[in-house]
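Chains as they are written, first to last, in my numbering: chain F, 1 to 432; chain L, 1001 to 1277; chain S, 2001 to 2290.
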Amino acid sequence: MKDKVTFDITRRGFLGTALGGAAALAAGPSFAQANTLNILSHRVHQAVLMPDGGENLLAEWKSAQDAEAAFTTFDSNPLMDRLFREASLGSTDYGVGYMVDNRPTSEIASLFEPLDSYQKDDPIEDFGDIAPGLVQGMTVDGNLIGIPVRHATQGLFYNEALLEEAGISAPPTTLEELVEQAGKLTFTSSAGTPVTGMILASDLAVFPVMFARAYGGDFITKDFELVPSPEAMEKGLDTLRGMFEAGSLPRSYATTKNDDMVTWIQQGRAAFTVLPFARNAQLNNPEQSKYPGKIKATAFPGSSSLPSGTPMAAVTEAWAMVVPKNAGDKQLAWSYIKEVSSKRVTTGMALNGNGPVRVSSYADPALIEKNPVAEVEAEVLATARGAFPPFPEAARAQATMLEEVQLAVIGRKPVKEAVAAIIERVKPLMPS
Amino acid sequence: MRSGRILVVAGKAVAVAALLTWSLVPIAFVVMSSVKPGQEIFAVPTVYAFEPTLEHYAELWRRWGQFFDGLIDSAIITAGATALAIIASTCAGYVYSRNSSRFLNASVMFLIVVRLIPPIVVTLPLFPLVNIMGLNDTHIVLMVLYATFFVSLGTVLMRTFIDQIPRELDEAAQIDGAGRLTILRRVIVPLAAPGILAVAVFVVVFAWNEFLFAFVFTATKAKTAPLVISEMIGSIDGVDWGILFAASTTQLAPILIFVVLMNRYLVAGLTAGATKG
Amino acid sequence: MRTRSLAELMPLVAPVHILILSVIVLPSIFVIWLSVTESTYGQAPTWVGLANYARVLADPAFHGALWNTVVIVVFAVHIELAVGLLVALLFASGLLLRRLLLVAVLAPYAVSEVIAVVAWRYLFDPDAGPVTLALQAIGLPILDWSFEPVHAMILIGLLTIWLHLPFTFIILYAARLAIPSDLYEAARIDGATPLQAFRRVTLPLLGPAIVVALLFRYIFAFRIFSEVWLLTGGGPARSTEVVAVYLYQEAFSYNAFGTAAATAWIMVVASLLLAAGYVFLLRRQVTSNA
Chain F
1 MKDKVTFDIT
11 RRGFLGTALG
21 GAAALAAGPS
31 FAQANTLNIL
41 SHRVHQAVLM
51 PDGGENLLAE
61 WKSAQDAEAA
71 FTTFDSNPLM
81 DRLFREASLG
91 STDYGVGYMV
101 DNRPTSEIAS
111 LFEPLDSYQK
121 DDPIEDFGDI
131 APGLVQGMTV
141 DGNLIGIPVR
151 HATQGLFYNE
161 ALLEEAGISA
171 PPTTLEELVE
181 QAGKLTFTSS
191 AGTPVTGMIL
201 ASDLAVFPVM
211 FARAYGGDFI
221 TKDFELVPSP
231 EAMEKGLDTL
241 RGMFEAGSLP
251 RSYATTKNDD
261 MVTWIQQGRA
271 AFTVLPFARN
281 AQLNNPEQSK
291 YPGKIKATAF
301 PGSSSLPSGT
311 PMAAVTEAWA
321 MVVPKNAGDK
331 QLAWSYIKEV
341 SSKRVTTGMA
351 LNGNGPVRVS
361 SYADPALIEK
371 NPVAEVEAEV
381 LATARGAFPP
391 FPEAARAQAT
401 MLEEVQLAVI
411 GRKPVKEAVA
421 AIIERVKPLM
431 PS
Chain L
1001 MRSGRILVVA
1011 GKAVAVAALL
1021 TWSLVPIAFV
1031 VMSSVKPGQE
1041 IFAVPTVYAF
1051 EPTLEHYAEL
1061 WRRWGQFFDG
1071 LIDSAIITAG
1081 ATALAIIAST
1091 CAGYVYSRNS
1101 SRFLNASVMF
1111 LIVVRLIPPI
1121 VVTLPLFPLV
1131 NIMGLNDTHI
1141 VLMVLYATFF
1151 VSLGTVLMRT
1161 FIDQIPRELD
1171 EAAQIDGAGR
1181 LTILRRVIVP
1191 LAAPGILAVA
1201 VFVVVFAWNE
1211 FLFAFVFTAT
1221 KAKTAPLVIS
1231 EMIGSIDGVD
1241 WGILFAASTT
1251 QLAPILIFVV
1261 LMNRYLVAGL
1271 TAGATKG
Chain S
2001 MRTRSLAELM
2011 PLVAPVHILI
2021 LSVIVLPSIF
2031 VIWLSVTEST
2041 YGQAPTWVGL
2051 ANYARVLADP
2061 AFHGALWNTV
2071 VIVVFAVHIE
2081 LAVGLLVALL
2091 FASGLLLRRL
2101 LLVAVLAPYA
2111 VSEVIAVVAW
2121 RYLFDPDAGP
2131 VTLALQAIGL
2141 PILDWSFEPV
2151 HAMILIGLLT
2161 IWLHLPFTFI
2171 ILYAARLAIP
2181 SDLYEAARID
2191 GATPLQAFRR
2201 VTLPLLGPAI
2211 VVALLFRYIF
2221 AFRIFSEVWL
2231 LTGGGPARST
2241 EVVAVYLYQE
2251 AFSYNAFGTA
2261 AATAWIMVVA
2271 SLLLAAGYVF
2281 LLRRQVTSNA
């Protein structure tokens, strides 16, 4: 592996020269490191640690451990698949992997090293500062199998310029207002672009779950209760259905994907969407967005029919660092986890756009200055929770729910029937 | 008669125009988007007049070094897979062309029937196996996989091409004392060259674009370009479409040039193969 | 020459068969074993007999997926064949700048599926895609593929034809060029109309090439995946799901390796049945050549 680094540089350098490009890769031959820690992650996990042209947050760890960190990156779902496959082998080269918190079932957790004893012998700095809810999510059958490192919490994004154009001065504070504003914002903007009130992807559980929660309901609670309030779920889907009928959800709802939400908002084709707060920078990126600085975020509002003061539980998703049981040098892996979880690195990553797992990071003045949505994000995070808890058939349960939701929203099935079908079809998939 | 001719010419012109539109518009869209300013790529209404920019290519070079590594890996793997597939198919095609028996006929059928098994099926059991052999994340494993999934078509095509070469030629060589390998090298390969190149086109295009096997069996050292492109469509930190289209164009260009350069052999080779019928 | 012993020929045939046996056949046999067990990550396989097959065959979602696959295979492959044949004849009839045009027609073959889908999704965006707007401008009905399952299937079919027409075309075109022109000369002297020449000369002589093109396209079309997965994700509400997507979901989304393996084998058998007729034709051709 360590030869690989030099080889890469040579190859790229060669290509650079061949293309007549500047041989800016003057990075000399890498000095021989004693150890290499192979890490399996998404590219974004690597990018927040060593941003382009920014400070390498791992530098201290590297010299202290005399080690090199080699990242292998994949997109999220392929990443999970690869991580589990590697952990199922006799032995793996990977010391650390990044896992989403809706995946660790008992079976999956059994493939990864319990970290409690590492934490006892060589504790992470101020462990209590890491959001307890996130730590809880990585505790399976009493074992702590992952250390939270990143969260993505959903907020309501809106295009301030379009709101103004439609004569709306403030973003909605209740779901009813949101529906009304989305209706008004289904128009042709002064730029000549047909605007749809709101855009939501139809292949993620996040959105129907948020709408159900806005009425005090849920899909599957953390205690594995399936659709605790069918009425709330029905109201949530009724609302989505109504928005679809009014044209304030696009007609292409049933095939809308995550990336469509971003491009539609950037292009002013939709006025509202629900995305992780961390997307704020991308939505306002002047290189891509027609409305840089005009896309704002706020908390997703609950229904006014709920008793006042009832908190709206937005959906959050967290990533944690895990160590495969079949990994080689686990002490080196732990030293990496410990370093990345430190206050210094957590805040550093937050400044690079990572959702920080430490409550204290949000108090950092530099972060508040750099990230305009930090404050509201911290507030929403306080009551947020996962879309559904991990269990063996969770992915199938999600797909089943989404199929019924799509049928209901585009009007191929009455909402009541769809909710009944969700309950009937998901029940056999629930853990006993 | 004259007006009839004009009608025919006009008809052909319309057909050609339709054909060009059909084939090239989606490709033109990709290439055009790669030089469009980022915020105009998906603008509604569509922006047709814009100032071309190379910024996406510059960004690609700066931020996605691994994409260029991927191109090199793709090139190495494509070359290896093509060589392997051609050598194996030519040898087998030669035997099938010059010999006949119940067993050999059955084994040709077997080659074709086996291709009914979708590639995705073999990934599950092969992953642990490749790991045990220590071949994970190597160029070799992809070369072997890509070659394997093309030797069926390759063998069938090569057999037809070699059928065109008069047997008298290898018989004459044999009388001169040449062994079978020598005949293959000195007589068959030179004469079947257009056919070999035609088969090469199929393998090269497949190996250059393949995604599933590359995804399952590589990590960093043999990561191919399509894999890096798919990572750009990743969903966590958002897609930078400009860079994606720049990468797509870069990945498309060499293979398109290759097809352009080879099209004469492709047609000549396949035509020679088809005359046997 | 003709009575060589098999042993003597083996070294030359062996590479192909070793590759196929070790990479395709043996793993497939292992997959049979997987299909009669239940397993996932972190859970060793346990014997369940034919339960996985029963489960898949009884799943209405699988029926839908199988039906969609057959529809796409039958429609897309035959339309593609017809168009490919027309284009081949157009080229054979003599065109200006033929080589340049040939390259243009072959170009989509070089485009990877991921990129093709991104381009098509945008061009056919039901609200704002350039193609949609163009269709509306000339008063034609648009493809409402994100809402109407039938339209979604049509778009998937068009995309798959776009990607694979070059393959079908080149095989047919090459075969057409191989037909000696004196045959047409003779037909003309005998007073045959162009249509008669096509029916009596072109079609019969293209027969074998048509069979080869169809057979390989049947095989590939049956495992259609990227076009569907990336374009519609099988939606709206699973109405455009195909067998390969179903299989992918079982294996990679639900990590249910038993049902995934069973689906794989059902898929092989189903595609074998569908292609059986063509395999039969090809076999006759193989024997007649011998």
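For each residue, glycine too, the CB sits at the ideal point set by N, CA and C.
Look at the stretch 295–342 of chain F and you find these whole runs of beta strand (DSSP E), each 3 residues long or longer: 295–298 and 316–322. Contact check for residue 2170 of chain S and residue 2202 of chain S: beta-carbon distance about 17 Å, past the 8 Å limit, so the pair fails to qualify. Residue-level contact by beta carbon fails for residue 2203 of chain S and chain L, as no gap is shorter than 8 Å. Counting every other CB atom within 10 Å of its CB across the protein chains shown gives residue 104 of chain F a total of 16 or more, marking it as buried. Assignment of beta-bridge partners to residue 100 of chain F by DSSP yields F/319. With a cutoff of 8 Å on beta-carbon distance, residue 92 of chain F and residue 316 of chain F are scored as not near each other.
For residue 2109 of chain S against residue 1259 of chain L, the beta-carbon gap comes to about 7 Å, under 8 Å, which counts as contact.
In this chain, the alpha helix (DSSP H) harbouring residue 2072 of chain S covers 2060–2092. Apart from the 5 residues on each side of it in sequence, residue 415 of chain F sits with its Cβ closer than 8 Å to the Cβ of 234, 237, 238, 241 and 408 in its chain, given in chain order. For residue 2267 of chain S, the nearest CB of chain L lies under 8 Å from its own CB, placing it at the interface with that chain. In summary, residue 2033 of chain S is exposed, with fewer than 16 beta-carbon neighbours lying within 10 Å of its beta-carbon over all protein chains present. For residue 1239 of chain L, at least one C-beta of chain F is nearer than 8 Å to its own C-beta.
In the DSSP assignment, residue 2152 of chain S falls within the unbroken alpha helix (DSSP H) covering 2149–2177. Between residue 232 of chain F and residue 217 of chain F, the beta carbon gap of about 2 Å places them in contact (Cβ cut-off 8 Å).
If the five residues before and after residue 1266 of chain L are omitted, its C-beta is found closer than 6 Å to the C-beta atoms of 1198 and 1201, all from its own chain and listed in chain order. The shortest C-alpha to C-alpha distance from residue 1250 of chain L to any of L/1139, L/1032 and L/1185 is the one to L/1032. For the 8 Å CB-CB criterion, residue 2087 of chain S and residue 1019 of chain L form a contact. Under the DSSP assignment, residue 241 of chain F falls in the alpha helix (DSSP H) whose first and last residues are 230–245. CA-CA distance, residue 2068 of chain S to residue 2240 of chain S, rounds to 6 Å. Residue range 1102–1114 is occupied by the alpha helix (DSSP H) that includes residue 1105 of chain L. Relative to the Cα of residue 1244 of chain L, the nearest Cα in the group L/1028, L/1047, L/1015 and L/1059 belongs to L/1059. Neighbours of residue 1248 of chain L across chain F, judged by C-beta separation under 7 Å, do not exist; the nearest C-beta is about 15 Å away.
Put simply, the CB of residue 1230 of chain L is near chain F, with a gap under 8 Å to one of its CB atoms. Residue 36 of chain F and residue 334 of chain F have their C-alpha atoms spaced approximately 13 Å apart. Taking residue 252 of chain F as the centre and dropping the five residues before and after it, the same chain places no C-beta closer than 7 Å to its C-beta.
For residue 1097 of chain L, the enclosing alpha helix (DSSP H) has its first and last residue at 1065–1098. 8 Å or more divides the Cβ of residue 2257 of chain S from the Cβ of residue 2046 of chain S.
The beta carbon of residue 2166 of chain S sits no closer than 8 Å to any beta carbon of chain F. Under the Cβ distance rule, residue 1089 of chain L counts among the residues neighbouring chain S, one pair being separated by less than 8 Å. A straight line joining the alpha-carbon of residue 2271 of chain S with that of residue 2157 of chain S spans about 18 Å. As the crow flies, the alpha-carbon of residue 2196 of chain S is around 18 Å from that of residue 1008 of chain L. The beta-carbon distance between residue 1133 of chain L and residue 1089 of chain L, rounded to whole angstroms, is 24 Å. This is too long to meet the 8 Å contact definition. Residues 2031, 2034 and 2035 of the same chain have their beta carbon placed closer than 6 Å to that of residue 2261 of chain S, with the five preceding and five following residues left out of the count.
Contact of residue 1023 of chain L with chain S by beta-carbon distance below 7 Å involves 2104, 2105, 2107 and 2108. Exclusion of the five residues before and after residue 374 of chain F leaves 362, 367 and 368 as the residues of its chain whose Cβ lies within less than 7 Å of its Cβ. Residue 73 of chain F has a beta carbon lying within less than 8 Å of a beta carbon in chain L.
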